[in-house]
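Residue numbers (my numbering): 11 to 114. Backbone N, C-alpha and C fix where the C-beta goes; we use that ideal spot for every residue, glycine too. This structure is a prediction, so every number in the text was calculated from the model and none was measured. Written out below as structure tokens is the structure these notes cover.
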Amino acid sequence: MSGVFEQVYALVRQIPPGKVATYGQLAHLIGRPRGARLVGYAMSACPSSAGVPCHRVVNRFGGTTAAFDTFGPGTQRALLEAEGVAFTPEGCVDLSLHLWQPLF
DNA sequence: GCAGTGACCGTGA
DNA sequence: CTCACGGCCACTG
11 MSGVFEQVYA LVRQIPPGKV ATYGQLAHLI GRPRGARLVG YAMSACPSSA GVPCHRVVNR
71 FGGTTAAFDT FGPGTQRALL EAEGVAFTPE GCVDLSLHLW QPLF
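Set out below in structure tokens:
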């Protein structure tokens with residue numbers, strides 16, 4: 011609470027299935043236009059106990075995080091595809107179709 | 001208690 | 001157009 015991480019987790023938790031958000035976008039939403047790194051670190055913490063779908067967070071290119079290879083190659087991609095997220099031949103998420111836009 | 005690092009982004013030259 | 005650097009917060013050693 012009262013921490014940047016909690017702010018990030020709160021937003022990520024609001025991301026509906028089939029949608030993805032970028033680090034920079036989340037950083038802006040928490041009031042840290044230049045704090046994209048904080049979002050990345052917050053994801054690294056990725057407390058499953060907090061119910062944070064960190065697999066729905068990708069970089070600005072829509073590329074999945076290599077850190078997910080911890081569970082196996084292409085783990086994050088598999089999770090997103092299971093939710094109906096379309097991927098480009100380059101292996102990136104089609105942000106034009108699945109970029110999460112906070113209504114309010 | 002101090003310093004360095006980290007799943008990144010944006011701007012300047 | 002491309003290359004390079006700074007900046008933000010929290011956690012670890």
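Where residue i falls: helix, strand or coil (DSSP)
{"i": "residue 32", "result": "strand"}
{"i": "residue 73", "result": "strand"}
{"i": "residue 64", "result": "helix"}
C-alpha gap between residue i and residue j, whole angstroms
{"i": "residue 95", "j": "residue 104", "result": "8 angstroms"}
{"i": "residue 3", "j": "residue 85", "result": "Absent from the model: residue 3. The displayed extent of the chain is 11 to 114, so no value can be given."}
{"i": "residue 31", "j": "residue 109", "result": "6 angstroms"}
{"i": "residue 77", "j": "residue 114", "result": "31 angstroms"}
{"i": "residue 37", "j": "residue 49", "result": "6 angstroms"}
{"i": "residue 89", "j": "residue 65", "result": "7 angstroms"}
{"i": "residue 69", "j": "residue 29", "result": "13 angstroms"}
{"i": "residue 27", "j": "residue 93", "result": "6 angstroms"}
{"i": "residue 25", "j": "residue 106", "result": "16 angstroms"}
Residue i burial status per 10 Å Cβ neighbour count (16 or more: buried)
{"i": "residue 45", "result": "buried"}
{"i": "residue 35", "result": "buried"}
{"i": "residue 63", "result": "buried"}
Distance between beta carbons of residue j and residue i, contact taken as under 8 angstroms
{"i": "residue 135", "j": "residue 52", "result": "Here the chain covers residues 11 to 114 and nothing more, so residue 135 does not appear."}
Segment contact flag, the stretch 73-82 with the stretch 38-48, C-beta cutoff 8 angstroms, min 3 pairs:
no
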